[in-house]
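Protein chains in written order, with our numbering: chain A, 1 to 631; chain B, 1001 to 1382.
Beneath this line is the structure, given in structure tokens, with notes to follow.
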């Protein structure tokens, strides 16, 4: 295929890439965006939950719908969007190659914005190579993009936001979740996400790990165990779970192959998820023609990815040789606005990782977090009447409750990491905020429903939605059934965007207890667990490199016997990383083994030398490429 | 790291480790091998691993034949599987002129003892059923030729050298070579100074730079050679195939992947080892032209390495200057260093241990042959 000339090439059509492309094009640049998938939107197209953040980042809107908005924006500003095109290398002459189903594209851009996203970390344990062990992202793709159930009963590993959200989405799809296990002593994700699945009866087991899986054709079960303070399984605490799917949600690593390939300066920053390209506040890397944005520049939320994209797009456009009519004043105004938005999003306890990570990367002092003013106000006076109850426990950057309340009863304030404050006098218990809260953490209580009963309005994102007059099992915050309850009302409004408001009537004593309900069939029952003899399972037989079938034993031997001390040496000896995945699965695991065996820090190890093409390209496709110039 | 030793070898590729092992085997165990990065990180780890006897210069044929014997016994002697594929080498001739040259070189090679024969296009298709022989007049086939995994060979030499007492210092870069009169006295590295009786230059792509440190102007220049590899598939090709007319070589490795490359005459000397998109497209055109069945097979990686070229495309072995008596070179392998490494190790070790080579004479490969210009250059380089 012919050579394409463009001013700005954006690699990746997720939130960061789409925003970068739209921003640059809005200011007059000629922009081409390539994405490896057939549908633009990156991870957004799997995200059926409402987003946090503020209006500027489409808070309260579901990820799938944000994708549509961002694609529309980019299109409107004239970005040329090419799907199904995987960037395979950035060559020394500045040419970026991309493989499509029927061609090998070559693009010669003036500026490149790498918004390549991230890939999922893997966890290796005996039989982790069985079919049925998935990354959480793969499970989301199967369910939410392709409409395929990954299994019937799932063990989720990792209680970060992705693990919690995917567990919830599995339940929404009618798939059982046996447990969410987390090796540390705390839920890493938002508590509101954890509460959503807890009240549906899914246990979140802290200080637990998976010991091994078993099965023939696929996963049939998993053994989990409690761990001690050094994360080692405690003997005697082992427990078997009958599951056919194990879903790994143990973190993300920035996808930086192309940036390594292009020779950008790289740095390992633990808080950002691994190696990232060094970049300045304008998202420019050590190469002046390459910018970076989104997860590729450090793992964060999609909201910050969008703003980083805008910063990269703005700067790349402003740095073009051609005068595109972007005035210095306009440039500086936009930049200041975006920086302030980023600063807002990185406030509070959940922004700390990004604040520390970006500072470490740029060698700048960590910006002091502005003090968070509000704290939750106890509800001691609320014994009569009707109003909203706010069960938002953390300083999450988020404000749709304030934005949607028609009566001005909820205040978050300028700093969106503040807790929402309720002016009870202004609240008329309409429930609009209940339907808009991305954390499903608001409820309306009407204590005066009758002499002895309270009506509770709950947000409900399952089908079928019960009808008025139905009787359901009302559950507490842990998902235990506490009483039967009558459905007094069920509102399915278009403006609530698929969140129904279901009103339950319960005895007054359950008013502060009931926070969910169960129609039936959400949590399948388990039978007796049949398990083969696993007494001889050996951790050393765990497959680490799946492409080339390399076990932990062979990697440890390469280190002990052959003296390998780097990823490249292990690659040469054992072929780890030479397969089609180019080390995405095994590299982090191998660096962990190296670090442990050699008693060094993981950041001392460099990934293998990345070599294009980053994705296999057929000889036939390459052979038919031609080298004409096209403008 | 040792401060004093008998022999310092510069370079942790297959040449350096082979010399280290052979020295130790001869009882010269007070040896330090210094490598600026990791084992086989240079040309060794970037080559396709071909091992052939089909050269146009008799000296190359002799060296290659001696090497093949060692490769075939490698597993037994070293205890390491080197992924040896004994599938032969098939060279393809398109033009009558080229065919005539093949006939002559095959006659010479047979005289030296190689089991080489001229084959018809029909026989070529028997040997390599997927090969498109359109336009080919004949082939030269040597079933004894083979290919192997350069990483495993280097690792095998290194671990056996270590076992016999050689010190291998990785991440150790030579910054200076200190002389005293007409002798090298010490090698200075970023890890300290090592006094020594002998220095061996096995620096591959950087041989001229190391030579300059010892005050010797070596006539070697490095050129980028690119290469690519596909995903593994079931075995469909035994021999390594070379086509000088199309300008390509390719083989199917023990692992099942196809590896292929060609020499670009437009390359300028230097140390650039970045791959290009032009190469990727061109190699794909050439390969799918010769093996159309591969069109749906995917390339998974491309890379490049350096051919350290000598003026006649044959190695320069032994002493290189009367001004530095104890400076030994094994350089300028011109793209066939891997296959000559085993015998080179033996010969260089003999030179140091006994003051002369015993297995084969190396006078023809002395740097002195260039006095008065290049007389006869190796033609079979791809």
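Glycine included, C-beta positions come from ideal geometry on N, C-alpha and C.
{"Item": "If you drop the 5 nearest sequence neighbours on each side, which residues of the same chain put their C-beta closer than 8 Å to that of residue 105 of chain A?", "Value": "1, 4, 34, 82, 85, 97, 98, 99"}
{"Item": "Name the residue from A:429, A:576, A:439, A:417 whose alpha carbon lies nearest to the alpha carbon of residue 408 of chain A.", "Value": "A:429"}
{"Item": "Based on Cα-Cα distance, which residue from B:1289, B:1123, B:1364 lies nearest to residue 619 of chain A?", "Value": "B:1289"}
{"Item": "Where do the N-terminal and C-terminal ends of the alpha helix (DSSP H) with residue 1353 of chain B fall, by residue?", "Value": "1337–1354"}
{"Item": "Does chain B have any CB closer than 7 Å to the CB of residue 546 of chain A?", "Value": "no"}
{"Item": "Expressed to the nearest angstrom, what Euclidean distance is found between the alpha-carbon atoms of residue 522 of chain A and residue 67 of chain A?", "Value": "Model confidence at residue 522 of chain A stands at a pLDDT of 49, short of 50, so the residue's coordinates are unreliable and nothing is read from them."}
{"Item": "Residues of chain A with a CB under 8 Å from the CB of residue 985 of chain B: which are they?", "Value": "This structure cannot settle anything about residue 985 of chain B, because the visible part of chain B is limited to 1001 through 1382."}
{"Item": "Could you name the residues of chain A that residue 1038 of chain B contacts, counting a contact when the two beta carbons are closer than 7 Å?", "Value": "566, 568, 569"}
{"Item": "Hey, how far is the Cα of residue 436 of chain A from the Cα of residue 502 of chain A?", "Value": "14 Å"}
{"Item": "Identify the continuous alpha helix (DSSP H) that holds residue 1167 of chain B and give its terminal residues.", "Value": "That residue, residue 1167 of chain B, is in no alpha helix (DSSP H); its beta strand (DSSP E) goes 1167–1169."}
{"Item": "In three-state DSSP terms, what is residue 617 of chain A?", "Value": "strand"}
{"Item": "Pull up the distance between the alpha-carbon of residue 1189 of chain B and that of residue 1175 of chain B, whole angstroms please.", "Value": "5 Å"}
{"Item": "Extract the residue ranges of the beta strand (DSSP E) inside the region 200–270 of chain A, only unbroken runs of 3 or more that lie entirely within it.", "Value": "204–206, 208–214, 221–226, 239–241, 245–248, 252–254, 266–269"}
{"Item": "Between residue 1319 of chain B and the rest of its own chain, which residues show a CB-CB distance below 6 Å, the 5 nearest in sequence each way excluded?", "Value": "none"}
{"Item": "If you drop the 5 nearest sequence neighbours on each side, which residues of the same chain put their C-beta closer than 6 Å to that of residue 131 of chain A?", "Value": "218"}
{"Item": "Grouping DSSP H, G and I as helix and E and B as strand, with all else coil, what is residue 517 of chain A?", "Value": "strand"}
{"Item": "Considering only the alpha carbon of each residue, which of B:1244, B:1340, B:1375, B:1314 lies closest to residue 1097 of chain B?", "Value": "B:1244"}
{"Item": "Return yes when the Cβ of residue 356 of chain A is within less than 7 Å of the Cβ of residue 451 of chain A, no when it is not.", "Value": "no"}
{"Item": "Do the region 1239–1256 of chain B and the region 1080–1096 of chain B make contact, defined as three or more Cβ pairs closer than 8 Å?", "Value": "yes"}
{"Item": "Could you check which residue in B:1001, B:1010, B:1006 has the C-alpha nearest to that of residue 1210 of chain B?", "Value": "B:1010"}
{"Item": "If you scan the region 1204–1266 of chain B from start to end, which runs of the alpha helix (DSSP H) of 4 or more residues do you find wholly inside it?", "Value": "1207–1213"}
{"Item": "Using 7 Å as the limit for Cβ to Cβ distance, is residue 963 of chain B near chain A?", "Value": "As displayed, chain B neither begins before 1001 nor continues past 1382, which places residue 963 of chain B out of reach and without an answer."}
{"Item": "Out of curiosity, what's the CA-to-CA distance linking residue 562 of chain A and residue 1135 of chain B?", "Value": "48 Å"}
{"Item": "Tell me, please, whether the CB atom of residue 617 of chain A is closer than 7 Å to any CB atom in chain B?", "Value": "yes"}
{"Item": "Hey, how far is the Cα of residue 412 of chain A from the Cα of residue 302 of chain A?", "Value": "21 Å"}
{"Item": "Give me the chain A residues within the contact set of residue 1302 of chain B, using Cβ-Cβ distance strictly less than 9 Å, ordered along the chain.", "Value": "89, 611, 612, 613"}
{"Item": "Taking only the alpha-carbon atoms, compute the straight-line gap between residue 1203 of chain B and residue 268 of chain A and give it to the nearest angstrom.", "Value": "32 Å"}
{"Item": "Considering only the beta carbon of each residue, do residue 1146 of chain B and residue 1291 of chain B sit closer than 7 Å?", "Value": "no"}
{"Item": "Helix, strand or coil: which one does DSSP assign to residue 359 of chain A?", "Value": "helix"}
{"Item": "At which residues does the beta strand (DSSP E) containing residue 40 of chain A begin and terminate?", "Value": "Counting along the chain, residue 40 of chain A falls outside any beta strand (DSSP E), and DSSP gives it neither H nor E."}
{"Item": "Could you give the DSSP three-state label for residue 1108 of chain B: helix, strand or coil?", "Value": "helix"}
{"Item": "Hey, is residue 1175 of chain B's beta-carbon within less than 7 Å of any beta-carbon in chain A?", "Value": "no"}
{"Item": "From what residue to what residue does the beta strand (DSSP E) around residue 1189 of chain B run?", "Value": "1183–1189"}
{"Item": "Return the chain-ordered list of same chain residues with a C-beta closer than 6 Å to the C-beta of residue 552 of chain A, the five sequence neighbours on each side being excluded.", "Value": "540, 542, 544"}
{"Item": "For residue 1284 of chain B and chain A, any beta-carbon pair shorter than 7 Å?", "Value": "yes"}
{"Item": "Assuming residue 488 of chain A is part of the beta strand (DSSP E), what are its boundary residues?", "Value": "481–491"}
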